[in-house]
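Going by this note's numbering, the sequence shown opens with residue 3, and the numbers climb by one from there.
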Amino acid sequence: SLVAATFLFFIPLALLAMTGPFLIRTLIHHVDGVGGSVGRLSAISTLGSVAGTVLIGYVLIPFLPNSITMFLTSGLLAAVSSIYLLLWNTDKIARVTATLCLVIGAGVGYAGVRQDLRPGFTDFNLLFRGNSNFGRLEVIQSDDGGKRYYLNDYLVQNTYDPATKQSLSLFSYMLHGLAQGYTPKVNDALCIGMGIGIVPMDLARDGARVDVVEINPAVVPVAQQFFGCETNRFQLTIGDGRQFLNETKRKYDTVVLDAFLGDSSPSHLMTRETFTSMRNVLHPDGTLVINCFGGFDRGRDFFVASLDKTLRSVFASVRIHATGNGNVFFVASARSDLKILHPYDLNRAHSTVKTQVEAAFSSLREASPTSGRVLTDDFNPVEFYDAVNRERFRRDLAEMARTM
């Protein structure tokens, strides 16, 4: 990937580096006043950089697909070059060349954007597509109407049965079941990460008061419209989970951490300091339940082993449930005798995942004591060491999306 990035960025960065000296050479003909001219060019360049950063972060990414942004940027650059060559250059060959390049570039760009705007799913109907600050959101449904998928940047985040209004994903039942199973009684719950709202809704139906923190506001109307999420059943806060933990005065019986950015959990939510904040908002017999992706094979277990070590540095007991499909579920508590107190009612699970849910509840795993490290705010290298697992997981999700 480093070599690929070098090839991708070397030419444009080299050309950008030439822009300043070229402009100075073109605009300055005498030594007198060279300092002022260079200063003005630097000021204009700095203002342009700031304006471009603001435009990208607050306008282009939230409201336009990346393909459209690239097309517009390419078109603007091509237009500036063409205006110069067509209006100020007297060389006829240069004018003809510029015209041909402009036409070809516009055609190629339009073809690419048109291809990108197609649904791209053979056996599924596109119900929704929209951009957000955290990637493109899509909802697709099978032709027979039996399955509905929520995707973020083409990666499947959850599956849903519109007829029964149930999730078809294992993790939805595990998070709810582990929280209820390991906790003496769930009266107050905190969910960090709403997704399509399955877990918060299940906890609310059980009679718990539920607080939900979701960082992406664009997810909320999607969950309401396509996945039956009733946000009036819980208290919804739009913001960062860690900020909420630092500000809340409420105590909870369980905290459910199910936050993802694409194919991985935000690293700032997986540190000793964050888990300490979670322990501080839990009752003494409360539980922390985490959904993540990882492996147990030697050499690929850094994330799972590190998460286990980090949790044990804060909590007295940690349990790990996994079935080998990539999902790994952690339960942590200040109780030293952490065990399942309430067996999960499998009748609550969708018929297609009952076997998986039963296997996951009965499967307890141990992380390697010789792998990983305690993750802290000061040093959290998990994204580097877990890159292979995340790449493989993203590839698997992309392959699954390609078959749709």
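Heads up, the beta-carbon is just placed ideally off N, CA and C, and yes, glycines get one too.
As the structure is a prediction and not an experimental result, all values here were calculated from the model.
Note down the Cα distance separating residue i from residue j, rounded to an integer number of angstroms.
i: L141; j: R131; result: The sequence shown places Val at residue 141, not Leu. Between V141 and R131, the C-alpha separation is close to 7 angstroms.
i: F246; j: D213; result: 10 angstroms
i: L66; j: K149; result: 28 angstroms
i: G296; j: F305; result: 6 angstroms
i: S44; j: L89; result: 27 angstroms
i: Y184; j: T289; result: 7 angstroms
i: L418; j: A16; result: Given that the chain is displayed from residue 3 to residue 406, the structure contains no residue 418 and the question cannot be resolved.
i: K253; j: H270; result: 22 angstroms
i: F277; j: G199; result: 23 angstroms
i: T161; j: V188; result: 26 angstroms
i: G179; j: F173; result: 10 angstroms
i: R337; j: R281; result: 11 angstroms
i: G107; j: R394; result: 35 angstroms
i: P202; j: V5; result: 44 angstroms
i: G35; j: V376; result: 57 angstroms
i: I85; j: A53; result: 23 angstroms
i: P412; j: G197; result: Outside the shown range of the chain, which is 3 to 406, sits residue 412, and nothing can be said about it.
i: S370; j: F386; result: 19 angstroms
i: Q168; j: S353; result: 10 angstroms
i: S319; j: C231; result: 33 angstroms
i: R207; j: F236; result: 10 angstroms
i: R244; j: V40; result: 45 angstroms
i: I240; j: V82; result: 41 angstroms
i: P383; j: R392; result: 14 angstroms
Cβ of residue i within 8 angstroms of Cβ of residue j?
i: F331; j: V291; result: yes
i: R274; j: T378; result: yes
i: D287; j: P186; result: yes
i: L192; j: V333; result: no
i: A96; j: L102; result: no
i: L157; j: D163; result: no
i: F136; j: N234; result: no
i: S373; j: A307; result: yes
i: Y60; j: V359; result: no
i: R302; j: V390; result: yes
i: A351; j: T325; result: no
i: P223; j: N133; result: no
Where does residue i land, buried or exposed, given buried means 16+ other C-beta within 10 angstroms?
i: V105; result: exposed
i: E216; result: buried
i: V258; result: buried
i: S51; result: exposed
i: R42; result: exposed
i: A261; result: buried
i: M20; result: exposed
i: K94; result: exposed
i: K341; result: exposed
i: F12; result: exposed
i: G195; result: buried
i: I26; result: exposed
i: F73; result: buried
i: A7; result: exposed
i: N248; result: exposed
If I measure Cβ to Cβ from residue i and keep anything under 7 angstroms in the same chain, skipping five residues before and after, which residues do I get?
i: L129; result: V141, I142, Q143 and F228
i: T250; result: V283
Once you ignore the five residues that flank residue i on each side, which residues in its own chain have a CB closer than 6 angstroms to its CB?
i: D255; result: T185, V188, N189, D190, H285 and G288
| query | What are the complete alpha helix (DSSP H) segments, minimum 4 residues, inside the stretch 147-214? | reply | 172-184 and 200-207
| said: List, from N- to C-terminal side, the alpha helix (DSSP H) runs of 4 residues or more that fit wholly inside the stretch 332-396. | reply: 356-364 and 384-387
| task | Jot down the residue ranges of each uninterrupted beta strand (DSSP E) in the stretch 250-280, minimum 3 residues, whole runs only, in chain order. | result | 254-259
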